[in-house]
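When the letters of the sequence shown are read in order and numbered with the working numbering, they come out as residues 33 to 358. Where is the CB? At the ideal position from N, CA and C, for every residue including glycine. Here's the structure we're looking at; comments come further down.
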Amino acid sequence: MEVDDAIIRLREMKASKILLQIPDGLKPESFNLFNKFSKEFNVIISSQSFYGACDIGNMEVYRDVDCIVQFGHSEIPNIKYTKPILFIEYFYKQIELDDDIFSILAENLVKNVGLLSSVQYYKEMEYVNGKLKELGYNVIVGNVDGRMKYPGQVLGCNFSAAHSIAAKVDAYLLVSTGLFHGIGAQLSTDKPVYILDLNNRSIRNIQPDIDKFLRKRYARIEPAIDAKKFAIVIDTKIGQYRKKLAYSIYNRVKGMGRDAIIVTADNINPVDFQNLMCDAVVFTGCPRVSIDDEDKFSMPVLTPIEFEQLFGFKSNNKYIMDEIVG
Ligand code: SF4
33 MEVDDAIIRL
43 REMKASKILL
53 QIPDGLKPES
63 FNLFNKFSKE
73 FNVIISSQSF
83 YGACDIGNME
93 VYRDVDCIVQ
103 FGHSEIPNIK
113 YTKPILFIEY
123 FYKQIELDDD
133 IFSILAENLV
143 KNVGLLSSVQ
153 YYKEMEYVNG
163 KLKELGYNVI
173 VGNVDGRMKY
183 PGQVLGCNFS
193 AAHSIAAKVD
203 AYLLVSTGLF
213 HGIGAQLSTD
223 KPVYILDLNN
233 RSIRNIQPDI
243 DKFLRKRYAR
253 IEPAIDAKKF
263 AIVIDTKIGQ
273 YRKKLAYSIY
283 NRVKGMGRDA
293 IIVTADNINP
303 VDFQNLMCDA
313 VVFTGCPRVS
323 IDDEDKFSMP
333 VLTPIEFEQL
343 FGFKSNNKYI
353 MDEIVG
């Protein structure tokens, strides 16, 4: 949906007050967007950062508006949003690529390519699909579960597109600038991932990044083995709310004879956990928080699956990425 389509939809809905939610990368557009929508609607812009369609803010923020317009994300189909919400996706401007950047795949005997992308590069993925086929590769785009909108799409919390074709591909080619999605896809399928970085117009195998990631991650989570007091966090964002999972971890901690509390959070703040004087945190919200923000915390912050692996509740020794499935 484009801005003009959103305005038409808002008219049809007879919306009067609207809230614009804009991710940090698009915040410089705030004045333009505010002025454009203000011609017809009473507009408020949220100053919060919105990292995904899993987050539409809390009740206090949106109680008073008729509709939310969120930019830069695609809807998560299996979330039952509690407010009318329109998503305005932003796609990366498509660029032409030289044939020779794909030769790294053939050099590494990759013939069956699983194609993946994060949503903002989806149009480029369609172009790359055609290009690879012209070059003689067998290209497979995976189906997704209810948390995703597009075939082949990956999120930091869901690699269903990779799982669905793991048996058929030699490797994945991920169109994205971020590393997290690639690490997740490789660790959850055991198939090599190559990242097509459109900024550098280059493709690289991310195995060295995987090795570095695992070394750092194990060093961060292993001290939790001696923790006596655990804070188990339920994130209150609509698409990250995993209360049942939080209570199952709580019961496991108690069953080990250690102390645990359940806490809620919206934006997780390291200082709050220092004040709680806990030795370890198990965070059941966005899987990226435990990993991307690991250096901000003085104690280990584990994903639920890391907790289960560390304490032997899972027999599999291989590192497993946390996913929110739909
Ligand atoms: Fe993105 Fe995290 Fe939300 Fe998943 S849970 S959509 S990775 S912000």
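Let me check understanding here. Comparing Cα to Cα, which of the options lies closest to residue i?
i: Lys-248; options: Ser-234, Pro-332, Ala-217; result: Pro-332
i: Arg-252; options: Gly-344, Leu-167, Thr-335; result: Thr-335
i: Val-176; options: Val-186, Leu-42, Pro-55; result: Val-186
i: Tyr-351; options: Thr-221, Ile-76, Ala-138; result: Thr-221
i: Met-45; options: Ser-208, Cys-99, Tyr-273, Ser-149; result: Cys-99
i: Glu-254; options: Lys-181, Ser-135, Glu-338; result: Glu-338
i: Ile-111; options: Asp-36, Asp-354, Tyr-279, Met-180; result: Met-180
i: Ala-297; options: Asp-87, Tyr-153, Asp-243; result: Asp-87
i: Tyr-94; options: Asp-36, Lys-49, Leu-141; result: Lys-49
i: Pro-224; options: Ala-203, Phe-103, Ile-215; result: Ala-203
i: Gly-174; options: Glu-166, Leu-167, Pro-183; result: Pro-183
i: Leu-228; options: Phe-69, Asp-267, Asp-130; result: Asp-130
i: Asn-140; options: Tyr-226, Phe-73, Thr-114, Ile-127; result: Tyr-226
i: Ala-194; options: Ala-38, Ser-234, Gln-218; result: Gln-218
i: Asn-90; options: Thr-114, Leu-58, Gly-104, Asn-348; result: Thr-114
Using 10 angstroms around the beta-carbon of residue i, count the other beta-carbons present and answer buried if the total reaches 16, otherwise exposed.
i: Phe-315; result: buried
i: Val-54; result: Note that residue 54 is Ile in the sequence shown, not Val. By the neighbour-count rule (16 or more Cβ atoms within 10 Å), Ile-54 is buried.
i: Tyr-169; result: buried
i: Ser-79; result: exposed
i: Pro-319; result: buried
i: Ala-138; result: exposed
i: Arg-274; result: buried
i: Ser-135; result: exposed
i: Asp-132; result: exposed
i: Leu-52; result: buried
i: Glu-128; result: exposed
i: Val-357; result: exposed
i: Gly-289; result: exposed
Could you spell out the range, first to last residue, of the beta strand (DSSP E) harbouring residue i?
i: Ser-149; result: 144–149
i: Arg-284; result: No beta strand (DSSP E) contains Arg-284, which is instead part of the alpha helix (DSSP H) from 275–287.
i: Asn-170; result: 170–173
i: Leu-118; result: 117–120
i: Asp-229; result: 225–229
i: Phe-82; result: Note, Phe-82: premise wrong, no beta strand (DSSP E); not H, not E.
i: Gln-102; result: 99–103
i: Ala-292; result: 291–297
i: Phe-329; result: Segment: none, Phe-329 is in no beta strand (DSSP E) and carries neither H nor E.
i: Phe-315; result: 312–315
According to DSSP, simplified to helix, strand and coil, what is residue i?
i: Ser-48; result: coil
i: Arg-247; result: helix
i: Asp-132; result: helix
i: Arg-236; result: strand
i: Asn-348; result: coil
i: Val-160; result: helix
i: Val-321; result: helix
i: Leu-266; result: A small correction: the amino acid at residue 266 is Ile; Leu does not occupy that position in the sequence shown. Reduced to three states, the DSSP call for Ile-266 is strand.
i: Asn-190; result: strand
i: Phe-69; result: helix
i: Leu-334; result: strand
i: Gln-185; result: strand
i: Gln-341; result: helix
Which residues bound the alpha helix (DSSP H) around residue i?
i: Asp-304; result: 302–307
i: Leu-206; result: Element bounds for Leu-206: not the alpha helix (DSSP H) but the beta strand (DSSP E), 203–207.
i: Ala-259; result: Looking at the DSSP string, Ala-259 is not in any alpha helix (DSSP H), and its letter there is neither H nor E.
i: Asn-74; result: Where Asn-74 is concerned, there is no enclosing alpha helix (DSSP H), although the beta strand (DSSP E) it sits in stretches over 74–77.
i: Phe-367; result: Nothing about residue 367 can be read from this structure; the chain reaches only from 33 to 358.
Given 8 Å as the limit, is there contact between the stretch 229–243 and the stretch 302–322, that is, 3 or more CB pairs closer than that?
no
State whether the stretch 298–306 contacts the stretch 273–286, with contact taken as three or more CB pairs (one from each stretch) at a distance under 8 Å.
no
Between the stretch 180–199 and the stretch 146–160, are three or more C-beta pairs nearer than 8 Å?
Yes, the stretch 180–199 is in contact with the stretch 146–160.
Does the stretch 151–161 touch the stretch 118–126, meaning 3 or more C-beta pairs lie closer than 8 Å?
yes
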